[in-house]
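Under my numbering, the first residue of the sequence shown is numbered 4, with each subsequent residue one higher.
Even glycine gets a Cβ: it sits at the ideal position worked out from N, Cα and C.
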Amino acid sequence: MRVLHPGVDRTELERELRDAFDTDPDIVTVVARQARDLSESDQFVTDFGAELTVEDIVDNLADAPEDYQLAERWNWWLGALDLSHGGYARFSVRQDIDKTS
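1) According to DSSP, is T26 part of a helix, a strand, or is it coil?
2) If you follow the alpha helix (DSSP H) that R97 is part of, which residue opens it and which one closes it?
3) Within the continuous alpha helix (DSSP H) that includes L73, where are the two ends?
4) With a Cβ-Cβ cutoff of 9 Å, do L73 and D27 count as a contact?
5) Return the first residue and the last residue of the alpha helix (DSSP H) that E58 is part of.
6) For E50, which of D66, D85 and R13 has the nearest alpha-carbon?
7) Return helix, strand or coil for S104, following the three-state DSSP convention.
8) Considering only residues of the same chain and omitting the five flanking positions on each side of R21, which have a CB-CB separation below 6 Å?
9) Compute the distance between the beta-carbons of R13 and A53, then report whether it is under 9 Å.
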């Protein structure tokens, strides 16, 4: 089980997201950054009693509607987490993201 925490490089997550969803590398980077921020916040641990893993992310994003792109999948999952536990909207990916920063 690969846990996301401050000592783990997000390249593994980026690779898994690219492999699973075959998407724009810039969007992969943004989603991976948001996932890392979520992990570092410890909110997932507090709400679910376990560290956030790469498998958790990929599995939950795979449950999103098939026609969703990666950022939409991420926001779909975070929307569900926000609805059930609150406080997850701050990790969503905005549609007007700056892919150059």
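Here's the rundown:
1) coil
2) Note, R97: premise wrong, no alpha helix (DSSP H); not H, not E.
3) L73 to H88
4) yes
5) V57 to A65
6) A small fix is needed here, since residue 50 is Asp in this sequence, not Glu. In terms of CA proximity to D50, D85 leads the group D66, D85 and R13.
7) Confidence at S104 is low in this model, with a pLDDT of 47, below 50, so the placement of that residue is unreliable and no value is reported for it.
8) V31
9) no
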